[in-house]
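Here's the structure we're looking at; comments come further down.
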Amino acid sequence: MTQIQLSDAQSVILSTACAREDGMVFPVTASLKGGAVGNVCKSLLKHGLIEEIVATDLNTVWRHDEERGPLTLRATALAYSTLGITDDPEEQPERQPAPEPSHRRTGTKQEAVIAMLRAEGGATIDEIVAATKWAPHTARGFLSGALKKKLRLTITSEKVEGRGRCYQIENKPPVTFR
Numbered sequence: 719m720t721q722i723q724l725s726d727a728q729s730v731i732l733s734t735a736c737a738r739e740d741g742m743v744f745p746v747t748a749s750l751k752g753g754a755v756g757n758v759c760k761s762l763l764k765h766g767l768i769e770e771i772v773a774t775d776l777n778t779v780w781r782h783d784e785e786r787g788p789l790t791l792r793a794t795a796l797a798y799s800t801l802g803i804t805d806d807p808e809e810q811p812e813r814q815p816a817p818e819p820s821h822r823r824t825g826t827k828q829e830a831v832i833a834m835l836r837a838e839g840g841a842t843i844d845e846i847v848a849a850t851k852w853a854p855h856t857a858r859g860f861l862s863g864a865l866k867k868k869l870r871l872t873i874t875s876e877k878v879e880g881r882g883r884c885y886q887i888e889n890k891p892p893v894t895f896r
């Protein structure tokens, strides 16, 4: 199966949905303006990463359908596996993946660091520096800026004997204020 490459906005919306217990996309916590949320959701639908379901809460309506009524969006099993949350092949849907857009970059440093932080035991600043060839202050800035603030990922850290301070992405839903 080919790997689906996600834009930053797609990653934020999908990560937030997958972090929620019910997997719902709405309410969207990303700070996107205008029709950007709609465009991102359409793209995620096209890739099979989210699906339309009947909305039970009218505050989360995506669109209205004549037959089914109000609809909302929910993350699919493919979304969880794309984000690396589950590796269970039985939980993945029986779909052919959409072709990858040719304008997306693969093998980025951001992608590598996120994979390191999702791995068992996480990663230390020294390990991130070795993998990315960044200076230590750049690696720390990346964790707090790009991952915590921009992507709204929850980064935890703990001191591990013989290894030092290890950072890891926590799979808890972000706090939203209404």
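Residue numbers (the numbering used here): 719 to 896.
All C-beta atoms in this analysis are idealised placements derived from N, C-alpha and C, irrespective of residue type, glycine included.
Being a predicted model, the structure only gives us computed values, none of them experimental.
S875 - containing beta strand (DSSP E), residue span: Sequence index remark: in the sequence shown, residue 875 carries index 157 (1-based). Unbroken beta strand (DSSP E) run through S875: 872 to 878.
Just tell me which of R870, V878, K866 has its CA closest to the CA of E838. In the sequence shown, counting from the first residue as 1, residue 838 sits at position 120. For the residues R870, V878, K866, the minimum Cα distance to E838 belongs to V878.
Between the alpha carbons of C736 and H855, how many angstroms are there, rounded? Residue 736 sits at position 18 when you count from the first residue of the sequence shown. Residue 855 sits at position 137 when you count from the first residue of the sequence shown. Distance between the alpha carbons of C736 and H855: 30 Å.
Let's test the definition: count the other Cβ atoms within 10 Å of the Cβ of E845 and tell me whether it reaches 16, buried, or not, exposed. Here residue 845 is taken as the residue at index 127 of the sequence shown, counted from 1. So E845 counts as buried.
Return the bridge partner residues of I768 from the DSSP annotation. Here the question's residue 768 lines up with position 50 in the sequence shown. Note: I768 sits in a beta bridge opposite A793.
Whole-number beta carbon distance between A797 and L767, since they are thought to touch under 8 Å: Residue mapping note: residue 767 aligns to position 49 of the sequence shown, counting from 1. Residue mapping note: residue 797 aligns to position 79 of the sequence shown, counting from 1. At roughly 4 Å, the Cβ-Cβ gap stays under 8 Å, so L767 and A797 are in contact.
What residue from R858, A864, A748 has the CA that sits closest to S875's CA? Within the sequence shown, the letter at position 157 stands for residue 875. Selected option, being the one with the closest Cα: R858.
In the structure shown, what three-state DSSP assignment does G752 receive? As a first step, residue 752 must be located in the sequence shown, where it is residue number 34. G752 falls in the coil class under three-state DSSP.
Can you round the beta-carbon distance between A864 and Q828 to whole angstroms, since I take them to be within the 8 Å contact cut? Your numbering for residue 864 matches position 146 in the sequence shown. Your numbering for residue 828 matches position 110 in the sequence shown. Contact between A864 and Q828 holds, since their C-beta atoms are separated by about 7 Å, short of 8 Å.
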